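**Q** Protein chains in written order, with my numbering: chain X, 35 to 132; chain R, 6 to 369. Every residue gets a Cβ at the ideal spot worked out from N, C-alpha and C, and that includes glycine. Source: prediction; values computed, not measured.
As structure tokens, this is what we get:
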């Protein structure tokens, strides 16, 4: 891993998006067993996966993984913990007053 | 404190039409959860042997899934007069639903990732059930949003997402607290509305009891996990972290709730009373694992919460104002918020000794 430069990988993946009453979720799985590390960036290629109401979409796509460089990885390891508040229902959306 | 990114109105109108026509969406909300990694080897090394008996019982309960049939709309789901709802209340209530949905959704993403990357069968099984519950809750809230004409958009996958990092112990502290405080928040509203049914302006509150029992049992699982390694709650540094998490979560909740005055007024809830009540319940429950509780009756507690809330309002005003003057105002208010946080953090805690048996049942 380089200190400054980022490596880009194209990886086959399966996306699963459920927009149903019984479950609302969206996940990406890398089919070749690729593993994501702190600070890496993942983008699924192609048009947005838009599941209509009541729909479950499971689709094969290609994902671009932009690997973080050593500095970014270190920075994410040091600071990522402070994003925990998102798990709380009362965390902030964009603006404080609505 | 973190501002997570739930962005309203991000999607073009034509996409929204295609996306959810039968809900007649006038507005669309892009869910934008974070993605997480952690130290999976450390997570795999957890050994639940010291709490095996209680662990198996709890996992058995989750597997039996007693709430499976609960999240269905039945005759109790009254018709909601969205058009007749006072606009400010409607805005705040929708914001409440969106942030609840995002929190459930983020929990689902986090738990699913742990389940997928982990190799320890005990841990994978737990995270699998929790991801299931969170997706179910998110689906239920999403349905309430649809009725209000708000479409949730899951198109975020095709946008670039950076993976952030949580240390395993931070996952325990943060998720334990978020699940337990979620329980305390929902049950307090539920019990209040039992006494004042005329103030229940939306049927979703009737579902809060079983819902928060899920939150409660998720919290129990993390309590057991923390018990597998005494250092997590007993070392000097970790005690400071626990204090930090408690202070951060409590003060964020205070600031956030005060930003929704119409919502609480419609419920007939005094926000200061409600928040103190939620802190009290959460602290009482958290004594099961944390060797301390925050002293929320200390003379410095409430004044500094209020100070922090005022500082956040100023930060927001500075942001709206923009320019150099706005930035200076923001910076000053940021310093005030930080000082208020330090004042809260340094209030002496009330020490306690966690009981020998960690497990609790929902009792409020």
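Can you name, in chain order, every residue of its own chain whose Cβ lies under 7 Å from the Cβ of residue 335(R), other than the five neighbours on each side?
**A** Contacts found: 320, 323, 324.
**Q** What does residue 301(R) touch in chain X if you count any residue whose Cβ is under 8 Å from its own?
**A** Going along chain X, no residue has its Cβ under 8 Å from residue 301(R), so there is no contact; the nearest lies around 17 Å.
**Q** Please check the pair residue 47(X) and residue 95(X), which I expect to be a contact at CB under 8 Å, by giving their CB distance rounded to whole angstroms.
**A** Yes, residue 47(X) and residue 95(X) are in contact; Cβ-Cβ is about 6 Å, under 8 Å.
**Q** Suppose you measure from the CA of residue 90(X) to the CA of residue 227(R); what does that come to, to the nearest Å?
**A** Those two C-alpha atoms are separated by around 31 Å.
**Q** Please confirm if residue 67(X) has its CB atom under 8 Å from at least one CB of chain R.
**A** It does not: the Cβ of residue 67(X) has no partner Cβ on chain R nearer than 8 Å.
**Q** In terms of residue numbering, what span does the beta strand (DSSP E) encompassing residue 58(X) cover?
**A** Per DSSP, residue 58(X) belongs to the beta strand (DSSP E) from 58-64.
**Q** Apply the 10 Å Cβ neighbour rule to residue 304(R) and answer buried if 16 or more other Cβ atoms are within range, or exposed otherwise.
**A** Label assigned to residue 304(R): exposed.
**Q** What are the uninterrupted segments assigned as alpha helix (DSSP H) that are 4 or more residues long and contained completely in the segment 81-135 of chain R, given in chain order?
**A** Complete alpha helix (DSSP H) runs here, min 4: 92-122.
**Q** For residue 125(R), which residues of its own chain have a beta-carbon under 8 Å away from its beta-carbon, when the five flanking residues on both sides are left out?
**A** Contacts found: 48, 49, 50, 51.
**Q** Can you pull the chain X neighbours of residue 83(R), defined as C-beta to C-beta under 9 Å?
**A** What residue 83(R) touches in chain X: nothing, since even the nearest Cβ is about 18 Å away.
**Q** So which residues on chain B does residue 175(R) lean against when the C-beta distance must stay under 7 Å?
**A** The structure shown contains no chain B; the protein chains it does contain are X and R.
**Q** Consider the Cβ of residue 40(X): report whether some Cβ of chain R lies at a distance smaller than 8 Å.
**A** By this cut-off, residue 40(X) is not an interface position.
**Q** Mind pulling the chain X residues with CB within less than 7 Å of residue 113(R)?
**A** Ordered by position in chain X, the residues that pass the 7 Å Cβ test against residue 113(R) are 59.
**Q** Give the interface partners of residue 77(X) over in chain R, defined as CB-CB distance under 9 Å, in chain order.
**A** Under the 9 Å cutoff, chain R gives 162, 163, 164, 165, 166.
**Q** Answer yes or no: does any C-beta atom of chain X fall closer than 8 Å to that of residue 2(R)?
**A** As displayed, chain R neither begins before 6 nor continues past 369, which places residue 2(R) out of reach and without an answer.
**Q** Quick one: which chain X residues come within Cβ less than 7 Å of residue 183(R)?
**A** 121, 122, listed in chain order.
**Q** Counting contacts by CB-CB distance shorter than 8 Å, is residue 349(R) in contact with chain X?
**A** With 8 Å as the cut-off, residue 349(R) does not count as an interface residue toward chain X.
**Q** Can you pull the chain R residues whose beta carbon is under 8 Å from the beta carbon of residue 36(X), in chain order?
**A** By Cβ distance, chain R contributes nothing, its closest Cβ being about 18 Å from residue 36(X), past 8 Å.
**Q** To which residues of the same chain is residue 38(R) closer than 6 Å at the C-beta, ignoring the five residues directly before and after it?
**A** Once the five neighbours on either side are set aside, the close Cβ partners of residue 38(R) are 110, 111, 114.
**Q** Smallest Cα separation from residue 72(X): which of 111(X), 121(X), 54(X), 119(X)?
**A** With distances taken between Cα atoms, residue 72(X) lies closest to 111(X).
**Q** Just checking: is the beta-carbon of residue 332(R) within a distance shorter than 8 Å of some beta-carbon in chain X?
**A** Taking Cβ atoms only, chain X never reaches closer than 8 Å to residue 332(R), which makes this a no.
**Q** Which residues in chain X have a C-beta closer than 7 Å to the C-beta of residue 179(R)? List them in chain order.
**A** What residue 179(R) touches in chain X: 118, 121.
**Q** Would you call the CB atoms of residue 345(R) and residue 309(R) closer than 8 Å?
**A** Yes.
**Q** Tell me whether the beta-carbon of residue 78(X) lies closer than 8 Å to the beta-carbon of residue 97(X).
**A** A contact, by the Cβ cut-off of 8 Å.
**Q** Can you tell me whether residue 300(R) is helix, strand or coil according to DSSP?
**A** DSSP places residue 300(R) in coil when its eight states are reduced to three.
**Q** Kindly provide the ranges of any alpha helix (DSSP H) runs that are 4 or more residues long and lie completely inside the segment 132-215 of chain R, ordered along the chain.
**A** Listed in chain order, the complete alpha helix (DSSP H) runs (minimum 4 residues) inside the segment 132-215 of chain R are 173-200.
**Q** Using beta carbons (cut-off 8 Å, strictly below), is residue 251(R) in contact with chain X?
**A** False, the Cβ-Cβ gap to chain X never drops below 8 Å.
**Q** Can you give me the start and stop residues for the alpha helix (DSSP H) that residue 308(R) sits inside?
**A** Note, residue 308(R): alpha helix (DSSP H), 306-326.
**Q** Closer than 7 Å by beta-carbon distance: list the chain R residues that pair up with residue 56(X), in chain order.
**A** Within chain R, the residues near residue 56(X) are 141, 144.
**Q** Exposed or buried, which one is residue 135(R) when buried takes at least 16 other CB atoms within 10 Å?
**A** Buried.
**Q** Just the Cα atoms here: how many angstroms apart are residue 166(R) and residue 215(R)?
**A** Residue 166(R) and residue 215(R): Cα-Cα distance of roughly 33 Å.
**Q** Measuring only between beta-carbons, confirm whether residue 45(X) sits less than 8 Å from chain R.
**A** Chain R contact via Cβ: absent.
**Q** Measuring only the C-alpha atoms, how far is residue 292(R) from residue 358(R)?
**A** Spanning the two alpha carbons is a distance of roughly 7 Å.
**Q** Quick check on residue 97(X): does DSSP put it in helix, strand or coil?
**A** In this structure, residue 97(X) counts as strand in the three-state DSSP scheme.
**Q** Hey, how far is the Cα of residue 328(R) from the Cα of residue 265(R)?
**A** One C-alpha to the other measures close to 28 Å.
**Q** Please work out which residues of its chain come closer than 6 Å, Cβ to Cβ, to residue 300(R), disregarding the five sequence neighbours upstream and downstream, and give them in chain order.
**A** 352, 355.
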